[in-house]
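*Asks:* The sequence shown finishes on residue 159 if you use this note's numbering, and the numbering steps up by one all the way, no holes. For each residue, glycine too, the CB sits at the ideal point set by N, CA and C. Computed from a predicted structure; not experimentally measured. After the structure tokens below, expect a handful of questions from me.
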Amino acid sequence: PMGMILSIKSGLKLELSMQNQKARKWLCRVSIILCIGQALYIYMSFEALPEPTRVVSINNVDEKGAVYEVLYDSGCATVPFLYRYYVMERQGTTEEVLEKLKTKTPFLVTKSTAAVRNVMRDRVKLEVADTIYDYSNTAFYKVNGEIKIIKFDLDSTMP
1 PMGMILSIKS GLKLELSMQN QKARKWLCRV SIILCIGQAL YIYMSFEALP
51 EPTRVVSINN VDEKGAVYEV LYDSGCATVP FLYRYYVMER QGTTEEVLEK
101 LKTKTPFLVT KSTAAVRNVM RDRVKLEVAD TIYDYSNTAF YKVNGEIKII
151 KFDLDSTMP
């Protein structure tokens with residue numbers, strides 16, 4: 001009888017072990033499916049960059065290039081308005097500017113409007129009296145394959 005009890009226990013352990021493996025595999029598959037579902041949800045609900053609302057100002061840096069101040073008013077409650085500043089070759093219409101901006105990177109992103117104070121050949125003086133989210137002190141644009149480099153001097157104060 002003792003040998004019989006051992007064989008029953010061994011068989012039971014083996015059967016329980018196989019059930020645990022099946023349960024683990026099932027749980028692992030369900031977890032992977034949930035992770036993939038969560039990743040897809042995050043990807044689908046992530047908003048791309050907001051669309052620009054309008055061109056606020058245009059400041060010529062030379063006969064072919066300009067600094068464009070563009071308003072983005074699709075912010076949330078904490079940041080209702082953002083101004084992005086771009087340097088690029090001059091465009092004919094506002095629609096052309098807004099279309100071209102989709103491939104450009106701004107050199108300044110801020111809550112402050114009218115940042116361009118003075119333009120001197122290849123140098124632009126900027127003044128900002130609010131939060132700055134992104135800034136680069138140089139930018140460039142191309143005209144007929146020629147690269148034009150513009151440098152920026154920034155004075156910033158917080159209210």
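Would you say the segment 130 to 142 touches the segment 104 to 119, given that touching needs at least three Cβ pairs under 8 Å?
*Replies:* yes
*Asks:* From Y86 to W26, what distance separates their C-alpha atoms?
*Replies:* In the sequence shown, counting from the first residue as 1, residue 86 sits at position 86. In the sequence shown, counting from the first residue as 1, residue 26 sits at position 26. In a straight line, the C-alpha of Y86 is about 53 Å away from that of W26.
*Asks:* Let me know the secondary structure DSSP gives S112 once reduced to three states.
*Replies:* In the sequence shown, residue 112 corresponds to position 112, counting from 1. Coil at S112, not helix or strand.
*Asks:* What is the residue span of the alpha helix (DSSP H) that V97 lies within?
*Replies:* Sequence index remark: in the sequence shown, residue 97 carries index 97 (1-based). Here the alpha helix (DSSP H) through V97 covers T94 to K100.
*Asks:* Assign I149 to one of three DSSP states: helix, strand, or coil.
*Replies:* Locating residue 149 in the sequence shown gives position 149, counting from the first residue. Reduced to three states, the DSSP call for I149 is strand.
*Asks:* Taking the C-alpha atoms as reference points, what is the distance between K232 and C35?
*Replies:* Shown here, the chain extends from 1 to 159; a query on residue 232 therefore has no answer.
*Asks:* Is the distance from the Cβ of V55 to the Cβ of T94 below 9 Å?
*Replies:* As a first step, residue 55 must be located in the sequence shown, where it is residue number 55. As a first step, residue 94 must be located in the sequence shown, where it is residue number 94. The answer is yes: Cβ separation under 9 Å.
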